[in-house]
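Chemist:
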Amino acid sequence: METAALIALLIFIPTYILISVRNLRVVVLDRFAIALLGAAAMVLLGVLSAEQTMQAIDLNTLALLLGMMLIVIGLEICGFFDLLAREVVKRAGDQLRLLVLIMVVTAVLSALILNDTVVLLFTPVVIKCCQVSSANPVPFLVAEAVSANIGSVATPVGNPQNAYIAVQSGLTFNEFFIHLFPVAVISLLIAIGMIWVVFRKNLAGDDGKGRRIDCAMAMNGLGAGKMDRSIYLVLGVLVLVFVGFISAQYWGMPLSLIALAGGIVVLFALPLINRKANAKEMVLKVDWTLLLFFIGLFVLLKGVEVSGLLTEMINFFQSVGGGGMETIPGLSGFCAILSNLISNVPAVMLLAPFVSHIGTSSLWLALAASSTLAGNATILGAAANVIVVEKASAAGVEVSLWQFVKAGLPITFLTLLASMLLLTL
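In this note's numbering, the protein residues as written are 498 to 922.
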């Protein structure tokens, strides 16, 4: 191994270990800070030049994420999620129906906008729905986290790793959706069934069906739920953005620019018609730590590539898999394990060069599906899970590891099998 590759290895391994561990006794380490430290080490120790560092930062991925975040922030300001809570409770006659509605709504939203942002804004809504319906929030919170991950599989804008895969693979929005939407639908049906089986004692009444909910009392508990008319602007922009995504392959516009354009329109126009909206405050609500995390990983993995370490790693993956890594089941299984060890975004960015080396669209799709579905196994498997649990804890609702795993692990196993089967057909 050459000197540059050895230096890159000595930077890469501790950085990825710290990203996966994040806690050193009493010290809590932020993932974005660890990634940026590893990136800085690659530059300062001479693995990367200044020019190579700038080339490493993928502006397309960052623009795609930023644009979608701004649109979601606009939806929040206009009261979209509060109105959604009222509509869900209005249609829930019992706890089983409430569970299904929460899971379907969460999955659909997570396909349209980033799942991390969905659960950040929707978790307090779910807790409120449960409180006014006299329901135990824990099954619904586990269901929300699981369905957010599952729904996000369907599109390139559902989660950060899908956004990265879409940019790196060159797959169109339509290709992503056509192949992964069925995976998301089947996986959601599996998840609904498993959540009901695992938490049936909490959800079922004496007749074995879902416990009844007093919808009128629940609606009163939610309050007026007024939605500002400016929501039509934001929803209109969101619709146009998705029309742009679907038609992008015909007029050669990158998904990133379409999303960013939509986000900028919301950032500029919403404060003009909604007094509660302020462009500066909207910008402050953007998840900059996620974007910085991506920047750090971009530079870190560029160092791995330039140093020659990437070639060594590709050879290692091929030897470990014994040739099976070039198949959908082999890659999916390896990615699922790796995603639970180091989290799904770092796992995808680590495996992307290997998939690119093989160059088949089916493996890119398998990488997207497996890295996301694997996140349902444990609380730490995906950022969306952590957000749900932390937001719930802040509201006085505790979700234990066992409560999550007893549903999440079988859901992960069954949905991964389903995705492998669907993608190999």
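Ideal Cβ placement from N, Cα and C applies to all residues, glycine included.
Is residue 765 buried or exposed, if buried means 16 or more other CB atoms sit within 10 Å of its CB?
Modeler: Reading the sequence shown from its first residue, position 268 is the one you call residue 765. By the 10 Å Cβ count, residue 765 comes out exposed.
Chemist: Does the stretch 563 to 580 come into contact with the stretch 769 to 789, if we say contact requires no fewer than three beta-carbon pairs (one atom in each stretch) closer than 8 Å?
Modeler: Contact between the stretch 563 to 580 and the stretch 769 to 789 is present, because at least three Cβ pairs lie under 8 Å.
Chemist: Could you say which of 841, 807, 572, 912 lies nearest to residue 503 if we only look at CA atoms?
Modeler: Stepping through the sequence shown from its first residue, residue 503 is reached at position 6. It is 807 whose Cα lies nearest to the Cα of residue 503.
Chemist: Measure from the C-beta of residue 612 to each C-beta in chain B and report whether the shortest distance is under 8 Å.
Modeler: Structure shown: chain B not included; a single protein chain is present.
Chemist: When the Cα of residue 666 is compared with those of 908, 852, 901, 894, which residue comes out closest?
Modeler: Your numbering for residue 666 matches position 169 in the sequence shown. When only C-alpha atoms are compared, the closest one is 852.
Chemist: Report yes or no: do three or more beta-carbon pairs, one from the stretch 652 to 667 and one from the stretch 608 to 626, lie closer than 8 Å?
Modeler: Judged by Cβ distances under 8 Å, the stretch 652 to 667 makes contact with the stretch 608 to 626, as three or more pairs qualify.
Chemist: By Cβ distance below 7 Å, which residues in the same chain neighbour residue 727 in space, the five residues on each side in sequence not counted?
Modeler: For this step, residue 727 is matched to residue 230 along the sequence shown. Correct list, in chain order: 575, 767, 770, 771.
Chemist: From residue 826 to residue 641, what does the alpha carbon distance come to, in whole angstroms?
Modeler: The residue labelled residue 826 in the question sits at position 329 within the sequence shown. The residue labelled residue 641 in the question sits at position 144 within the sequence shown. Looking at the two C-alpha atoms, the distance is approximately 27 Å.
Chemist: Going by C-alpha distance, which of 700, 805, 510 is nearest residue 638?
Modeler: Locating residue 638 in the sequence shown gives position 141, counting from the first residue. Looking at the Cα atoms, 700 is the closest of the given residues.
Chemist: Using a 10 Å radius around the Cβ and a threshold of 16 neighbouring Cβ atoms, would you call residue 747 buried or exposed?
Modeler: Position 250 of the sequence shown, counted from the first residue, corresponds to residue 747. Residue 747 should be labelled exposed.
Chemist: What residue from 744, 736, 689 has the CA that sits closest to residue 672's CA?
Modeler: Translated into positions along the sequence shown, residue 672 becomes position 175. The option with the nearest alpha carbon to residue 672 is 744.
Chemist: Closest by CA to residue 634, which one among 584, 662, 593?
Modeler: Counting from 1 along the sequence shown, the entry for residue 634 is found at position 137. If we check each option's Cα against that of residue 634, 593 comes out closest.
Chemist: What are the boundary residues of the alpha helix (DSSP H) that residue 832 is part of?
Modeler: Reading the sequence shown from its first residue, position 335 is the one you call residue 832. First-last of the alpha helix (DSSP H) with residue 832: 825 to 839.
Chemist: Taking only three categories from DSSP, how would you classify residue 630?
Modeler: For this step, residue 630 is matched to residue 133 along the sequence shown. If DSSP states are grouped into helix, strand and coil, residue 630 belongs with coil.
Chemist: Helix, strand or coil, according to DSSP, for residue 619 in the structure here?
Modeler: For the purposes of this step, residue 619 is taken as residue 122 along the sequence shown, with counting starting at 1. In the structure shown, residue 619 sits in a helix (DSSP, three-state: H, G or I).
Chemist: Just verifying my parser: in three-state terms, what is the DSSP assignment at residue 923?
Modeler: Past the boundaries of the shown model lies residue 923; the chain is included only from 498 to 922, so the question cannot be answered.
Chemist: Using the rule of at least 16 other Cβ atoms within 10 Å of the residue's Cβ for burial, across every protein chain shown, is residue 891 buried or exposed?
Modeler: As a position in the sequence shown, residue 891 is number 394, starting the count at 1. By the neighbour-count rule (16 or more Cβ atoms within 10 Å), residue 891 is not buried but exposed.
Chemist: Rounded to a whole number of angstroms, what is the C-alpha to C-alpha distance between residue 581 and residue 922?
Modeler: The residue labelled residue 581 in the question sits at position 84 within the sequence shown. The residue labelled residue 922 in the question sits at position 425 within the sequence shown. Spanning the two alpha carbons is a distance of roughly 37 Å.
Chemist: What residue range does the alpha helix (DSSP H) around residue 856 cover?
Modeler: Here residue 856 corresponds to residue number 359 of the sequence shown, with the count starting at 1. Segment: none, residue 856 is in no alpha helix (DSSP H) and carries neither H nor E.
Chemist: Cα-Cα, which of 535, 528, 690 is closest to residue 509?
Modeler: One-based indexing of the sequence shown puts residue 509 at position 12. Taking only the C-alpha atoms, the option nearest residue 509 is 535.
Chemist: Assuming residue 517 and residue 839 form a contact by the criterion Cβ under 8 Å, report the distance between their Cβ atoms to the nearest whole angstrom.
Modeler: Here residue 517 is taken as the residue at index 20 of the sequence shown, counted from 1. Here residue 839 is taken as the residue at index 342 of the sequence shown, counted from 1. Residue 517 to residue 839, Cβ: 4 Å. Contact.
Chemist: DSSP three-state label for residue 745, please.
Modeler: Taking the first residue of the sequence shown as position 1, residue 745 is located at position 248. Residue 745 falls in the helix class under three-state DSSP.
Chemist: How about the stretch 884 to 898 and the stretch 680 to 687: do they share at least three Cβ pairs that are nearer than 8 Å?
Modeler: The stretch 884 to 898, when compared against the stretch 680 to 687, does not touch it at the 8 Å Cβ threshold.
Chemist: Can you tell me the Cβ-Cβ gap for residue 790 and residue 529, rounded? I've got them flagged as a contact below 8 Å.
Modeler: Counting from one through the sequence shown, the residue named residue 790 turns up at place 293. Counting from one through the sequence shown, the residue named residue 529 turns up at place 32. Yes, residue 790 and residue 529 are in contact; Cβ-Cβ is about 4 Å, under 8 Å.
Chemist: Could you please give the first and the last residue of the uninterrupted alpha helix (DSSP H) stretch that includes residue 751?
Modeler: Locating residue 751 in the sequence shown gives position 254, counting from the first residue. Here residue 751 belongs to no alpha helix (DSSP H), and DSSP marks it neither H nor E.
Chemist: Go to residue 682, then tell me how far its alpha helix (DSSP H) extends in each direction, as first and last residue.
Modeler: As a first step, residue 682 is located in the sequence shown; it is residue number 185 there, counting from the start. Its alpha helix (DSSP H) spans residues 670 to 695.
Chemist: With burial defined as no fewer than 16 other Cβ atoms inside 10 Å of the residue's Cβ, what is the status of residue 916: buried or exposed?
Modeler: Translated into positions along the sequence shown, residue 916 becomes position 419. Its Cβ being crowded by 16 or more others within 10 Å, residue 916 is buried.
Chemist: Helix, strand or coil for residue 557 per DSSP?
Modeler: As a first step, residue 557 must be located in the sequence shown, where it is residue number 60. Helix.
Chemist: Is the beta carbon of residue 787 sitting closer than 8 Å to the one on residue 843?
Modeler: Stepping through the sequence shown from its first residue, residue 787 is reached at position 290. Stepping through the sequence shown from its first residue, residue 843 is reached at position 346. Not in contact: residue 787 and residue 843 (Cβ atoms no closer than 8 Å).
Chemist: Using three-state DSSP, classify residue 771 as helix, strand or coil.
Modeler: In the sequence shown, residue 771 corresponds to position 274, counting from 1. Residue 771 falls in the coil class under three-state DSSP.
Chemist: Does the distance from the CB of residue 571 to the CB of residue 603 come in under 8 Å?
Modeler: The residue you call residue 571 lines up with position 74 of the sequence shown. The residue you call residue 603 lines up with position 106 of the sequence shown. The answer is no: Cβ separation not under 8 Å.
Chemist: Less than 8 Å between the C-beta atoms of residue 626 and residue 585, yes or no?
Modeler: Translated into positions along the sequence shown, residue 626 becomes position 129. Translated into positions along the sequence shown, residue 585 becomes position 88. A contact, by the Cβ cut-off of 8 Å.
Chemist: Identify, in the order they occur along the chain, each residue of the same chain with its Cβ nearer than 6 Å to the Cβ of residue 501, setting aside the five sequence neighbours on each side.
Modeler: The residue given as residue 501 occupies position 4 in the sequence shown. Once the five neighbours on either side are set aside, the close Cβ partners of residue 501 are 544, 804.
Chemist: Which same chain residues, not among the five before or five after residue 888, have their C-beta less than 6 Å away from its C-beta?
Modeler: For this step, residue 888 is matched to residue 391 along the sequence shown. So the qualifying residues of the chain are 620.
Chemist: Cα separation between residue 605 and residue 573?
Modeler: As a working note, residue 605 is residue 108 in the sequence shown. As a working note, residue 573 is residue 76 in the sequence shown. In a straight line, the C-alpha of residue 605 is about 16 Å away from that of residue 573.
Chemist: Among 845, 756, 830, which residue has its Cα nearest to the Cα of residue 912?
Modeler: As a working mapping, residue 912 is identified with position 415 in the sequence shown. Per the Cα distances, 830.
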